[in-house]
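**Q** Here the numbering used here is used: position 384 in the sequence shown is 384, and no number is missing along the way.
We put the CB at the ideal spot given by N, CA and C, even for glycine.
Below you'll find the structure I mean.
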Amino acid sequence: MIFEIILAILLGILFGTFTGLIPGIHTNLIALIMLSLSATVLIGLDNLVLAIFIVAMATTHSFLDFIPSIYLGAPDEDTALSVLPGHKYLLGGKAHAAVKLTLLGSASAIFLLTIVLPFFFLIVPLTIDFIERMMAWLLIWISIFLVTDTKNKTNSVLIFILAGVLGIGTLGLNMSEPLLPLLTGLFGTSTIIYSIKQNTVPPKQKVGKLEFKKKELIKPLITTMIVSPICSFLPGLGSSQAAIIGSKLSKKISEDQFLILLGSINTLVISTSFFTLYLIGKSRTGAASAISELITITPQNLLFISLAMIIAASISIPLTIQLSKKIAKNLHRINYDKTSKVILLLLVAITFAISGFLGIFVLMVSTCLGLLCTLIGARKSLLMGCLLIPTILFYFPF
Numbered sequence: 001m002i003f004e005i006i007l008a009i010l011l012g013i014l015f016g017t018f019t020g021l022i023p024g025i026h027t028n029l030i031a032l033i034m035l036s037l038s039a040t041v042l043i044g045l046d047n048l049v050l051a052i053f054i055v056a057m058a059t060t061h062s063f064l065d066f067i068p069s070i071y072l073g074a075p076d077e078d079t080a081l082s083v084l085p086g087h088k089y090l091l092g093g094k095a096h097a098a099v100k101l102t103l104l105g106s107a108s109a110i111f112l113l114t115i116v117l118p119f120f121f122l123i124v125p126l127t128i129d130f131i132e133r134m135m136a137w138l139l140i141w142i143s144i145f146l147v148t149d150t151k152n153k154t155n156s157v158l159i160f161i162l163a164g165v166l167g168i169g170t171l172g173l174n175m176s177e178p179l180l181p182l183l184t185g186l187f188g189t190s191t192i193i194y195s196i197k198q199n200t201v202p203p204k205q206k207v208g209k210l211e212f213k214k215k216e217l218i219k220p221l222i223t224t225m226i227v228s229p230i231c232s233f234l235p236g237l238g239s240s241q242a243a244i245i246g247s248k249l250s251k252k253i254s255e256d257q258f259l260i261l262l263g264s265i266n267t268l269v270i271s272t273s274f275f276t277l278y279l280i281g282k283s284r285t286g287a288a289s290a291i292s293e294l295i296t297i298t299p300q301n302l303l304f305i306s307l308a309m310i311i312a313a314s315i316s317i318p319l320t321i322q323l324s325k326k327i328a329k330n331l332h333r334i335n336y337d338k339t340s341k342v343i344l345l346l347l348v349a350i351t352f353a354i355s356g357f358l359g360i361f362v363l364m365v366s367t368c369l370g371l372l373c374t375l376i377g378a379r380k381s382l383l384m385g386c387l388l389i390p391t392i393l394f395y396f397p398f
């Protein structure tokens, strides 16, 4: 059994590396495949081993998935916001530094987990009903702040509302993985197309020691400790929404701190979702949902899950650094225009394979909205209205 668990962790890390590096391939997809195979091909395998595989894969993915969003502008639902500062770092020759900042956040999240858990176990059962009742008003306040904290408020309102309408329409469609074409278009393909039109050529990337003051860690990590546990047990709220809430609660934070915030929230939301499953019996992430179908979460199983997360994180940290360093050193040798076009075609192909013709339609519309946002000079973070407005409607008491 121990050998099988160790093998499951190693395979989970391997698959998590694959899903993290390949744009559009999410751990949810692999988890669903494993779940379907558990009743047929993998019927003789202990379900706990499959659950450990999914935990290791999801943990590894949360470390590596910033690489394609920063280097290629190809995000998934959890890293969409990293495209914004990440692209600036890329054009400034500091993409590797951007990856290391998200990695610093992700690594810190594993440490934060040990601090958060005692309070999590104590507070969640007592406060979940109150927070659910207040969530709509909190998100409305954040949305107002997001729109009004800009120079051109008319354009901001327009983009935010259009994104919200697109989000409502997309989530109402009968298709697989609706967030894939929605967020890929708004943040991925629109950024890539604009870069191609502008003949953007990233400069030679610098690979050196990360220059960062330790005291700058305090604000993003405290924010992560507050926001991530809340978002891990509420439906409709993921890492992207948590990052928006966190950035507004933190008020003014630097781009370095924002990337740390994204990394820490991304990993901590995934991590705490497994403990949420144990506490309230409800799954809030795709990985946790698959695990709930495989095993009953007991204290013993929770211990195995925790060990899988720690081992996966310990291996993922140096792995991410080495992969990012290799990409950074060779990026200037690559024809970025051709590479961008290949990535663009790959994203279209993945969207069609997973979400079908409806997905292609959503991808086209969301890409146009993403380009409009760039052309009129509005902040791309306003496009997160595609998730904020549907989530507000989900929680609003009517």
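With distances taken from CA atoms, which of Val124, Ile131, Phe160, Asp46 is nearest Leu388?
**A** Checking every option, the nearest Cα to that of Leu388 belongs to Phe160.
**Q** How many Å lie between Ser228 and Leu221 at the Cα?
**A** Distance between the alpha carbons of Ser228 and Leu221 is about 10 angstroms.
**Q** Taking only three categories from DSSP, how would you classify Leu388?
**A** The answer is helix: DSSP assigns Leu388 an H, G or I state.
**Q** Give the range of the alpha helix (DSSP H) segment to which Leu217 is assigned.
**A** Here Leu217 belongs to no alpha helix (DSSP H), and DSSP marks it neither H nor E.
**Q** Who are the Cβ neighbours of Ala163 in its own chain at under 6 angstroms, not counting the five residues just before and after it?
**A** Counting only Cβ-Cβ distances below 6 angstroms, and skipping sequence neighbours, we find Leu383, Gly385, Cys386.
**Q** Taking Cβ positions, are Glu211 and Gln257 nearer each other than 9 angstroms?
**A** Contact: no.
**Q** What's the gap between the Cα of Leu173 and the Cα of Leu249?
**A** Leu173 and Leu249: Cα-Cα distance of roughly 33 angstroms.
**Q** So, does the segment 356-368 touch the segment 179-187, judging by three or more C-beta pairs under 8 angstroms?
**A** Result yes; three or more Cβ-Cβ pairs closer than 8 angstroms.
**Q** Take Glu4 as the anchor and find which of Thr17, Ile13, Leu50, Thr19 has the nearest alpha-carbon.
**A** Here the closest residue by C-alpha is Leu50.
**Q** Under three-state DSSP, which class holds Gly167?
**A** Here Gly167 sits in helix by DSSP.
**Q** Output needed for Ile171: all residues of its chain with C-beta closer than 7 angstroms, excluding positions within five of it in sequence on either side, in chain order.
**A** Reading off the sequence, residue 171 comes out as Leu, not Ile. Result list for Leu171: Pro178, Pro390, in chain order.
**Q** Indicate whether Phe15 and Phe120 have their beta-carbon atoms separated by less than 9 angstroms.
**A** Taking 9 angstroms as the Cβ cut-off, Phe15 and Phe120 do not qualify as a contacting pair.
**Q** Can you tell me which of the three DSSP states Glu255 falls into?
**A** Note: Glu255 maps to helix in three-state DSSP.
**Q** Assign Asp337 to buried or exposed, taking buried as 16 or more other Cβ atoms, counted over all protein chains shown, within 10 Å of its Cβ.
**A** Asp337 should be labelled exposed.
**Q** Taking the continuous alpha helix (DSSP H) assigned at His61, which residues delimit it?
**A** Here the alpha helix (DSSP H) through His61 covers 47-64.
**Q** Check whether the Cβ atoms of Lys341 and Val207 sit closer than 9 angstroms, and answer yes or no.
**A** No, they are not a contact pair.
**Q** Does DSSP put Ala335 in a helix, a strand or coil?
**A** Looking at the sequence provided, one finds Asn at residue 335 rather than Ala. Coil, per DSSP.
**Q** Spatial neighbours of Lys204 within its chain, please: C-beta separation below 7 angstroms, excluding the five flanking residues on both sides.
**A** Closer than 7 angstroms at the Cβ level, and outside the excluded window around Lys204, lie Gly93, His332.
**Q** For Ser314, report the span of its alpha helix (DSSP H) as first-last.
**A** Where Ser314 is concerned, the enclosing alpha helix (DSSP H) stretches over 299-330.
**Q** Checking contacts by CB at 9 angstroms: is Pro125 closer than that to chain B?
**A** The displayed structure is made up of one protein chain only, and chain B is not part of it.
**Q** In whole angstroms, give me the CA-to-CA distance for Leu103 and Ser289.
**A** Each residue's alpha carbon lies about 25 angstroms from the other.
**Q** My output table needs one value for Met135: the three-state DSSP class, helix, strand or coil.
**A** Met135: helix per DSSP, three-state reduction.
**Q** Sort Thr154, Ile22, Phe18 by Cα distance to Leu344 and report the nearest one.
**A** Out of Thr154, Ile22, Phe18, Ile22 has the C-alpha closest to the C-alpha of Leu344.
**Q** Is it true that the CB of Gly86 sits closer than 9 angstroms to the CB of Val365?
**A** Their beta carbons are not under 9 angstroms apart, which means Val365 does not touch Gly86 by this criterion.
**Q** Check Glu177 in the structure and name its three-state DSSP category.
**A** Here Glu177 sits in coil by DSSP.
**Q** Looking at Ala56 and Ile297, is the spacing between their C-beta atoms short of 9 angstroms?
**A** No, these two residues do not count as a Cβ contact at 9 angstroms.
**Q** How would you label Val201, buried or exposed, when you count the other beta carbons within 10 angstroms and need 16 or more for buried?
**A** Exposed, because fewer than 16 other Cβ atoms sit within 10 Å of the Cβ of Val201.
**Q** Do Val116 and Leu468 have their beta-carbon atoms positioned less than 9 angstroms apart in this structure?
**A** Outside the modelled stretch of the chain, which goes from 1 to 398, sits residue 468, for which no answer is possible.
**Q** In this structure, how does DSSP classify Ser250 when only helix, strand and coil are distinguished?
**A** Coil, per DSSP.
**Q** Is it buried or exposed, Arg133, if we count other Cβ atoms within 10 angstroms and call 16 or more buried?
**A** It counts as exposed.
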